[in-house]
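Chemist:
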Amino acid sequence: MRLLGSSASPFVAKVRMAAAICDIELSVDAIDTGNEPEALTSVNPLGKIPALVTEDGDAVFDSAVICEYLDRMSGNQLIPQTLVEYRKAKTFESVASGVVDALILCLYEVRFRPEEKRHSDWTDRQTRKADRGLAWLGEHLGELGDQPTIAHCALASLLGWIELRYADKLNEFPTLTAWADAFYAANPKLAETKPHL
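Everything in the sequence shown is counted per our numbering, starting at 10 for the first residue and increasing by one.
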């Protein structure tokens, strides 16, 4: 199967990590979303990454949907099936994705909008949202077991992306940094999936 994406994307990293846990091989096609390439828009009409192309040529997109697809392919190795554990893992994934969304909006505001047109009140609001989410993740680390799940993938890919784009922010959340270090030490093959340029 082919995964269309960027090595720097936290959402692509989450899918790559999920595939590794599920022991599913993916080839990754590097895509630059900035120029809306036909190779991507023909697979995902929204032009967003990641997008998965199955062996049959079918398209699956949105990282959460792709991860659930991989989980089903693997016989549920990634997403817990009991109601309580499912809720915990999927809520954890949702908060991690929300933090990424907020910080990406801040990054885009600086990267694509001229300084005189930037909205500091709006980016401050997004930053507060991200900080609350990171604090919540830190407070709920005890809910993560030793066996990697979708929650581990979401958190590890988020922290890898923050290290890449907002390294100073990790100083505010030392328990999350310590968790990431311990996670990759225990799962060295997953370190290859971290976001990178």
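The beta-carbon is built from N, C-alpha and C at its ideal position, and this holds for glycine as well.
Quick check on F20: buried or exposed, where buried means 16 or more other Cβ atoms within 10 Å of its Cβ?
Modeler: buried
Chemist: Mind checking which residues open and close the alpha helix (DSSP H) that includes F9?
Modeler: No answer is possible for residue 9: it lies beyond the span of the chain, which begins at 10 and ends at 206.
Chemist: With a threshold of 7 angstroms on Cβ separation, who are the neighbours of M10 within its own chain once the five nearest residues in sequence on each side are excluded?
Modeler: L35, L61, V62, T63 and E64
Chemist: Between the alpha carbons of R127 and R174, how many angstroms are there, rounded?
Modeler: 19 angstroms
Chemist: So what's V52 in DSSP terms, helix, strand or just coil?
Modeler: coil
Chemist: Quick one: what's got a C-beta closer than 6 angstroms to K7's C-beta in the same chain, skipping five residues either side?
Modeler: Past the boundaries of the shown model lies residue 7; the chain is included only from 10 to 206, so the question cannot be answered.
Chemist: Excluding the 5 residues preceding and the 5 following D80 in the sequence, name in chain order all residues of the same chain whose CB lies nearer than 6 angstroms to its CB.
Modeler: L87 and I88, listed in sequence order.
Chemist: Near A39, what residues of its chain come up, given a Cβ to Cβ distance below 8 angstroms and the 5 sequence neighbours on each side ignored?
Modeler: G14, S15 and S16
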